[in-house]
Each structure stands twice: as structure tokens, then as C-alpha cells.
Amino acid sequence: MASVLEKHWIGACRYYEVPKDVTEQWWKYVQTRYTESQRAYHTLEHLREMFGYFDHDKAKLRSPHLVAFSIFFHDIIYNPKNGAPRNEEESAAEFVRFAEEANLKAGKTIIPKDQVSTCHKWIVKV
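What follows is the structure, encoded as C-alpha cells:
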């Protein structure tokens, strides 16, 4: 049975028609990153908390699936020695890498450049 977080991940990926293999590979990556030993706060529990707020206000959002990706990627890179803004910049770069891989595997643009740019900005500003 899929967790609440996995359901959000799959929902965002399905919306953009991300190929199944990319969806599954990156979901494993998200889980791995958010369970790293150096994390005290930026964990899967933190994501669950954020998605609680997301679910409460989802109907008010213009781009809920893009917001979901920004939540998943906002702290995917976390090195306490680096801090902000480097962690955020590297996290945003990981979203771009995900989007590029999804577009490449799909053989077409499924996550448009303007939306990739928007999500990148949201991640860096968090």
C-alpha cells in the first residue's frame, strides 16, 4: 500500500505523464535523500507535515502538481555544513535534472520549461 507521500509523488508524476520507470526511480531517490543520517528536521516527516498544509489548501492552488514537486525537492539536498542558499540551489538543480530526465524518457516535453523555471524559483526561495 502506497504511503501518503508516495501517493502525492505518483499523482504529480501522472499529471505530467512522467514515465513509470522515472517515477519509480526518482521516488526511491526522494526517500533515500530524506532519510539520510545527517537530517534532524528535513525528513520524510517534514514532508508529511508540509503535505498536510498542501492538502488543506490544494483547492486554492493554480498549479498544485507543480507545488507538490517544489515540496518534494525543496530540501532534497541537505548538507548542514553548506547551509542556505547552497542547499536550496542544489535542490533546485535536482528538480531540473528530474524534469530533464522525465522529458527525455518521454520523448517529448512533458514538463514545460516555463514550469521547470517556476518550480526552480520556488525551491530556491523557500
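Residues in the sequence shown are numbered from 2 upward in steps of one, following this note's numbering.
Yeah, the Cβ is synthetic: ideal placement off N, Cα and C, and Gly gets one too.
Residue range of the unbroken alpha helix (DSSP H) whose run includes Pro65: 65 to 74
Counted within 10 angstroms of its Cβ, other Cβ atoms place His121 as buried (16 or more) or exposed: Within 10 angstroms of the beta-carbon of His121 lie 16 or more other beta-carbons, which makes it buried.
Proximity to Gln26 [Cα-Cα], best of His43, Cys14, Phe52: Cys14
Distance between Val23 and Asn6 (C-alpha atoms, nearest Å): Sequence inspection shows Leu at residue 6; the Asn mentioned does not correspond to that position. Per the coordinates, the alpha-carbon of Leu6 lies some 17 Å from the alpha-carbon of Val23.
With 16 other Cβ atoms within 10 Å as the buried cut-off, status of Asn104: Looking at its Cβ environment, which holds 16 or more other Cβ atoms inside 10 Å, Asn104 is buried.
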